[in-house]
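Protein chains in written order, with my numbering: chain B, 1 to 355; chain S, 1001 to 1355.
C-beta atoms are modelled at their ideal positions from N, C-alpha and C, and glycine is treated no differently.
For clarity, every value in this text was computed on a predicted model and none was experimentally measured.
Let me begin by presenting the structure, written as structure tokens, before commenting on it.
Number of protein chains: 2
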Amino acid sequence: MSKPKKTTIQDIANYAQVSVGTIDRVIHNRGKVSPIKKKKIEEAIEHLNFNPNLLARTLALGKQFFICTLIPEAKTSQNYWSLPLRGVEQFASNYKDFGIEIEAHEYSLFEEDSFMEQARVIAEKNPDGVVLAPLFEKESIQFAQLLDDKKIPYVFIDANIPSQNALTYIGPESGTSGFIGARLLNTLLAPADNILVVNMAKGVDNSAHIGVVENGFRNFFKEHQQSPDRKVFTLTIPSSEESDIARELTKFYIKNPDIKGVFVTNSMASAVSKFHRTHELDIKLVGFDLVESNVEELKNGGIEFLISQSPVFQGKRAIQTLFDFFVYRKEPSLVQYVPIDVIMKENVDYYINAQ
Amino acid sequence: MSKPKKTTIQDIANYAQVSVGTIDRVIHNRGKVSPIKKKKIEEAIEHLNFNPNLLARTLALGKQFFICTLIPEAKTSQNYWSLPLRGVEQFASNYKDFGIEIEAHEYSLFEEDSFMEQARVIAEKNPDGVVLAPLFEKESIQFAQLLDDKKIPYVFIDANIPSQNALTYIGPESGTSGFIGARLLNTLLAPADNILVVNMAKGVDNSAHIGVVENGFRNFFKEHQQSPDRKVFTLTIPSSEESDIARELTKFYIKNPDIKGVFVTNSMASAVSKFHRTHELDIKLVGFDLVESNVEELKNGGIEFLISQSPVFQGKRAIQTLFDFFVYRKEPSLVQYVPIDVIMKENVDYYINAQ
DNA sequence: TCTATATTTGTGTGCGCACACATTTAGAGA
DNA sequence: TCTCTAAATGTGTGCGCACACAAATATAGA
């Protein structure tokens, strides 16, 4: 086996004729070093292509990084929000010897208070970093500012609030998700078929990104010539209970019996699909996220396409970004868009297995 | 910051009242240890939940892992085969301090000899592991058996030869790729539209996986009711030169002017697209791989869908599998299918950026 | 010129583990 | 009971680095 021995601090010391202590000083910019030796050392580093061994460094430092996550609760492993968490844990377990410690906190998507409470708990713990899914806009801004004050770096995942000072945003470009949804639905429909967009949110006002998705969806139809007969409706349901959804859909479809395609802007498309099947409605459906119930409906044909936004990857990347920031002092780019996957019956299993 | 100190060998030593040397013996199963102490130590390990610190272990061992890759040449960074290589290098650079060393070897997709020659070179170097894209079936089997003899573990990527003893196969389930291609093309066409499958290979006989893709494609139409008027043709072109392709297509389209959709089973869909555009043919096109020329045609509308098989991920995973095998003695599963991504104009940029 | 004090540089220890080697203990033979 | 050897266990060193502390050198003040 070829052994191209890595160059070590000691090699630099020999080459530059100084002791390792001095080298340490120039590497970390601490203490005083005479300009002459400093230059000599820098040359040696350059010449011998020295890169500190991260293992040895980490071992010597013995630092611990304590990171808290604050994302919606995932009651079962099939829930969407278990996926980013899985990514987080995957990375953390790979790097546990580097001293990464994760503490997961959850909030309810339907209770702003639960968000605030967990935010407070986290703030008291003074973590080294925070991973945040800022789905409640107002409360998230408050929390972000608190973290700013405490100089605790945080990253947003899944939804972005560009006005804040997050280290980075990792997630989809929401508008494009909507746009792609429109494109997919459009391939399934005749030119004049009517379309319905279904939003589910307690108050869309405090979850701006849903609006962004719908805008993206509508933009597709603005950009592409449409039959003047086609209409695109919106229905907002302030709940994600199946019974509520069924009631609102019934009400809507009675008034508008000619809907041929539906786009659901959150991960509850399965509820709509079940309604369609129950009432034997032949309506094409496009939704979001590979949660179990959606996958089931995808496989039985109730949903045509699901859009997935690399949830596991988001979690993984979030921790990695913080890790690189702590260990390498690497400043991430402000926005890290993730792949927007198009999932259908035929490729769904590969996604589930690969995560 | 909370500091849940990891338990170390020394902790075990104190708890079990033995020296670290003895613990080392039971952990690595070397030397003799009295049953009594052995049991005590095992209990301590269990009780204190001891996991050896991988950093310290790696540092102490100072081992180097030398891995060779043998995949088709990528003349430019835009070539498909630069992507798995990128994955390989990404992983290797992340883990360089763990002693991973990569040497990349290439062969020409049109010269079996170049494959054999590089195989020989690699064999002489006695690497610790090999990553192989076995696109020439006969030669790959030869090489695989040579590696078997030398007890050098190897992994297949992108294409599989199940009869061999590869540590694992990492890549798509090729049949499904074809099936998905069919599904996508089908959504774009009217029920009776005729379809053409284009293969490009010097000899399809020595590249079995192309046949598998086409079979998958045709299976879709067997499984789904078709108009009896629809015909699915196959055209095999023994070259990937644009001029050859144009000539063969001309010949074919003159005889069969009613083709409405084309499926190209390798990464050369762009050549077909250019032909279509030149001759103002309105034919829907589905192909493989995010190579630059394909992306261009995708964006200008000449290609409707591209199927991508996580090329970067494949490379990354290949090295990771070998690494885990060496370091943790982890036996991978025989087959690791990767996601089959559906790419269209709207989401293509996110893929390119995310890799 | 000789202290007293900055300034600059060098040395030693530990991080957690693997491994060679030293030391102790148990068992066999006389 | 004593010696000799094998079995069992303990100790010391190094991996490459960070950091506290010790040592050496330069500078200023008298």
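> Using Cβ-Cβ distances below 8 Å, what residues of the segment 177–202 of chain B are close to chain S?
Replying inline: 179, 180, 183, 187 and 188
> Does the pairing of the segment 215–230 of chain B with the segment 189–198 of chain B give three or more beta-carbon distances under 8 Å?
Replying inline: yes
> If residue 180 of chain B and residue 1346 of chain S are in contact, beta carbons under 8 Å, what's the gap, nearest whole angstrom?
Replying inline: Looking up residue 180 of chain B in the first sequence gives position 180. Looking up residue 1346 of chain S in the second sequence gives position 346. Indeed they touch by this definition, with Cβ atoms about 5 Å apart.
>> Spatial neighbours of residue 1015 of chain S within its chain, please: C-beta separation below 8 Å, excluding the five flanking residues on both sides.
In response: Locating residue 1015 of chain S in the second sequence gives position 15, where the first residue counts as 1. Cβ within range, chain order: 1044, 1047 and 1048.
> Is the shortest distance between the beta-carbon of residue 33 of chain B and the beta-carbons of chain S less than 8 Å?
Replying inline: In the first sequence, residue 33 of chain B corresponds to position 33, counting from 1. For residue 33 of chain B, not one C-beta of chain S is nearer than 8 Å to its own C-beta.
>> Tell me which residues share the same chain as residue 186 of chain B and place their Cβ nearer than 6 Å to its Cβ, disregarding the 5 neighbours each side in the sequence.
In response: In the first sequence, counting from the first residue as 1, residue 186 of chain B sits at position 186. Result list for residue 186 of chain B: empty, nothing under 6 Å.
>> Against residue 339 of chain B, what residues of chain S qualify as contacts under a CB-to-CB distance less than 8 Å, listed in chain order?
In response: Working through the first sequence from its first residue, we reach residue 339 of chain B at position 339. Within 8 Å Cβ-Cβ: 1341, 1347, 1350, 1351 and 1354.
> Secondary structure at residue 154 of chain B, three-state DSSP: helix, strand or coil?
Replying inline: The sequence position of residue 154 of chain B within the first sequence is 154, counting from 1. Looking at residue 154 of chain B - three-state DSSP - the assignment turns out to be strand.
> Taking 8 Å as the CB-CB cut-off, is residue 1 of chain B touching chain S?
Replying inline: Working through the first sequence from its first residue, we reach residue 1 of chain B at position 1. In this prediction, residue 1 of chain B scores a pLDDT of 43, lower than 50, which makes its location untrustworthy; no coordinate-derived value is stated.
> Leaving out five residues before and five after residue 284 of chain B in sequence, what residues of the same chain have Cβ atoms less than 8 Å from its Cβ?
Replying inline: The count along the first sequence starts at 1 and reaches residue 284 of chain B at position 284. So the list reads 185, 188, 189, 260, 261, 262 and 304, once near-sequence residues are dropped.
> How far does the alpha helix (DSSP H) with residue 255 of chain B in it reach, from first residue to last?
Replying inline: Numbered from its first residue, the first sequence carries residue 255 of chain B at position 255. Its alpha helix (DSSP H) spans residues 242–255.
>> Along the chain, where does the alpha helix (DSSP H) containing residue 1056 of chain S start, and where does it finish?
In response: Taking the first residue of the second sequence as 1, we reach residue 1056 of chain S at position 56. 1054–1061 is the span of the alpha helix (DSSP H), which, as asked, contains residue 1056 of chain S.
> How about the segment 1094–1106 of chain S and the segment 1064–1072 of chain S: do they share at least three Cβ pairs that are nearer than 8 Å?
Replying inline: yes
> If we ignore side chains and look at the alpha-carbon of each, how far apart do residue 109 of chain B and residue 1054 of chain S end up?
Replying inline: For the purposes of this step, residue 109 of chain B is taken as the residue at position 109 of the first sequence. For the purposes of this step, residue 1054 of chain S is taken as the residue at position 54 of the second sequence. The straight-line gap from Cα to Cα measures roughly 39 Å.
> Does any C-beta atom of chain B lie closer than 8 Å to the C-beta of residue 1053 of chain S?
Replying inline: Here residue 1053 of chain S corresponds to residue number 53 of the second sequence, with the count starting at 1. Closer than 8 Å to some Cβ of chain B, the Cβ of residue 1053 of chain S qualifies, so yes.
> Got a sec, what are the start and stop residues for the alpha helix (DSSP H) residue 176 of chain B sits in?
Replying inline: As a working mapping, residue 176 of chain B is identified with position 176 in the first sequence. If you look at residue 176 of chain B, you'll find it in the alpha helix (DSSP H) that goes 174–188.
>> Less than 8 Å between CB atoms is the rule here; does residue 1289 of chain S satisfy it with respect to chain B?
In response: Here the question's residue 1289 of chain S lines up with position 289 in the second sequence. By this cut-off, residue 1289 of chain S is not an interface position.
> Given a limit of 7 Å on CB to CB distance, which residues of the segment 294–321 of chain B reach chain S?
Replying inline: none
> What's the C-alpha gap between residue 1020 of chain S and residue 97 of chain B?
Replying inline: Taking the first residue of the second sequence as 1, we reach residue 1020 of chain S at position 20. Taking the first residue of the first sequence as 1, we reach residue 97 of chain B at position 97. Answer to the nearest angstrom: the Cα atoms are 20 Å apart.
>> For a cutoff of 8 Å on Cβ pairs, would you count residue 269 of chain B as touching chain S?
In response: Along the first sequence, one-based indexing puts residue 269 of chain B at 269. With its beta carbon at least 8 Å from every one in chain S, residue 269 of chain B lies outside the interface.
> What's the gap between the Cα of residue 1151 of chain S and the Cα of residue 77 of chain B?
Replying inline: Taking the first residue of the second sequence as 1, we reach residue 1151 of chain S at position 151. Taking the first residue of the first sequence as 1, we reach residue 77 of chain B at position 77. Computed Cα separation, rounded: 41 Å.
> Using the C-alpha atoms, what's the distance from residue 148 of chain B back to residue 35 of chain B?
Replying inline: Within the first sequence, the letter at position 35 stands for residue 35 of chain B. Within the first sequence, the letter at position 148 stands for residue 148 of chain B. Spanning the two alpha carbons is a distance of roughly 38 Å.
>> Below 8 Å on the Cβ atoms is my contact criterion, and I expect residue 1337 of chain S with residue 1343 of chain S to pass it. Report the Cβ-Cβ distance as a whole number of Å.
In response: Position 337 of the second sequence, counted from the first residue, corresponds to residue 1337 of chain S. Position 343 of the second sequence, counted from the first residue, corresponds to residue 1343 of chain S. The C-beta distance from residue 1337 of chain S to residue 1343 of chain S rounds to 18 Å, too long to fall under 8 Å, and the pair is not in contact.
> Quick one: what does DSSP say residue 261 of chain B is sitting in, helix, strand or coil?
Replying inline: In the first sequence, the residue the question calls residue 261 of chain B occupies position 261. Strand, per DSSP.
>> Taking the beta carbon of residue 341 of chain B as the centre, do at least 16 other beta carbons fall within 10 Å, making it buried, or is it exposed?
In response: In the first sequence, counting from the first residue as 1, residue 341 of chain B sits at position 341. Residue 341 of chain B is buried by the Cβ-count criterion.
> In chain order, what residues of the same chain lie with their CB nearer than 7 Å to the CB of residue 1164 of chain S, ignoring the 5 residues before and after it?
Replying inline: For the purposes of this step, residue 1164 of chain S is taken as residue 164 along the second sequence, with counting starting at 1. Contacts found: 1141 and 1144.
>> Using a Cβ-based criterion (distance less than 7 Å to any ligand heavy atom), does residue 264 of chain B qualify as near the ligand GDP?
In response: Of ligands this structure carries none, so the ligand GDP is not represented either.
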